[in-house]
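Notes follow once the structure below has been shown.
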Amino acid sequence: MFIINCPYCGDRDQTEFSCHGEAHIPRPTNTATMTDEEWGDYVFFRSNPKGYHRERWLHDHGCRRWFNALRHTVTDEFVATYKVQDPRPQIPGDGDQS
Amino acid sequence: MDSPVIATPLSAVKIDTDGFTALELGHISKINLRGDFDSPAVVGALTTLLGMQTDLAPNTFVSNGAATLFWLGPDERLVYTDRDPDAIISQWRNHTGTGAVDVSDYSTVLRLSGQKVRDVIASGAPFDMHPDNFSAGQCVQTRFGNASILLSNHADTPVFQLQVRWSFAEYVFNYIERVVKYV
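The listed protein sequences correspond, in order, to chains A and B. According to the numbering used here, the first sequence is numbered sequentially starting from 1. According to the numbering used here, the second sequence is numbered sequentially starting from 1.
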């Protein structure tokens, strides 16, 4: 069990939340001309890293808001949670803020 | 024609034991308000329609006798009111251009009181029920068993109100009824 900091409500138990996969995947703008392969990449393919991962979370049982979290997929460490419109927090030990 | 019988799954039941009472409150009109609660139009509408201020901290509520305003999210509030909800909703929309929905019948409200209340809730909710963390004037949307609830602390005696979806009301009541024997 761990505590997740909802950017709107504060610290809450993990059982109030659900995770919905990788964050920061923009919807394509050229949908009319995309190939099947490009659609497949957009819809199905994710980075699935072993390490720090930016992902979308939903506070289901609380304020029902979406937010993003930077989490380590091995240690389950939550480095930061941040609102969707906020700047992305830096990955620990990584100078590049991508 | 006979008047319709107004009954709910909980209207005939209550819990009244040593240190704990639970009963369902009667019908309360509820309105869900959306909007930018910093904008002048919304601030004006809340003041005019409900006599309320909008600078509500997260997880708190205010009451002025005629109405109670709960924080549900950064752009969402819930109102309990004695007045005709339709009038408030149409005026809200005219004033602010943002959403207002009558949610009176989405959920029901249980009144919980007595010394055991915090322990009873803590048995099913992951939220810290210690008085330092949940005092009068605070409300919290959390989980009780498998049900989403809106819990508000009206007095540190304590007196709580638990709002839950109709479909989960019986489940929550039965859960409480069992737990109260053990706390």
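For glycine and all other residues, C-beta sits at the position ideal for the given N, C-alpha and C.
Inter-residue spacing [alpha-carbon to alpha-carbon] between residue 83/A and residue 49/A: 22 Å
Alpha-carbon spacing of residue 14/A relative to residue 172/B, whole angstroms: 21 Å
Compare the C-beta of residue 16/A with all C-beta atoms of chain B and state if any pair is closer than 8 Å. yes
Cβ contact (3+ pairs, closer than 8 Å) linking the region 37-49 of chain B and the region 113-128 of chain B: no
Which runs of the alpha helix (DSSP H) at least 4 residues long sit entirely within the region 22-57 of chain A? Give them in chain order. 36-44
Grab me the residues of residue 9/B's own chain with a C-beta within less than 7 Å of its C-beta, minus the 5 sequence neighbours each way, in chain order. 169, 170
For residue 72/B, which residues in chain A fall below 7 Å Cβ to Cβ? 63
Counting only runs of 4+ residues fully inside the region 92-166 of chain B, write out the alpha helix (DSSP H) ranges in chain order. 117-122
State yes or no: is the C-beta of residue 162/B within less than 8 Å of the C-beta of residue 110/B? yes
Which residues does DSSP list as the beta-bridge partners of residue 20/B? 17/B
With 16 other Cβ atoms within 10 Å as the buried cut-off, status of residue 74/A: exposed
Around the C-beta of residue 140/B, are 16 or more other C-beta atoms found within 10 angstroms, so that it is buried, or is it exposed? buried
Neighbouring residues, chain A, relative to residue 152/B (Cβ below 9 Å): Within 9 Å Cβ-Cβ: nothing; residue 152/B doesn't reach chain A, min ~14 Å.
Below 8 Å on the Cβ atoms is my contact criterion, and I expect residue 155/B with residue 125/B to pass it. Report the Cβ-Cβ distance as a whole number of Å. Actually they do not touch by this definition, with Cβ atoms about 19 Å apart.
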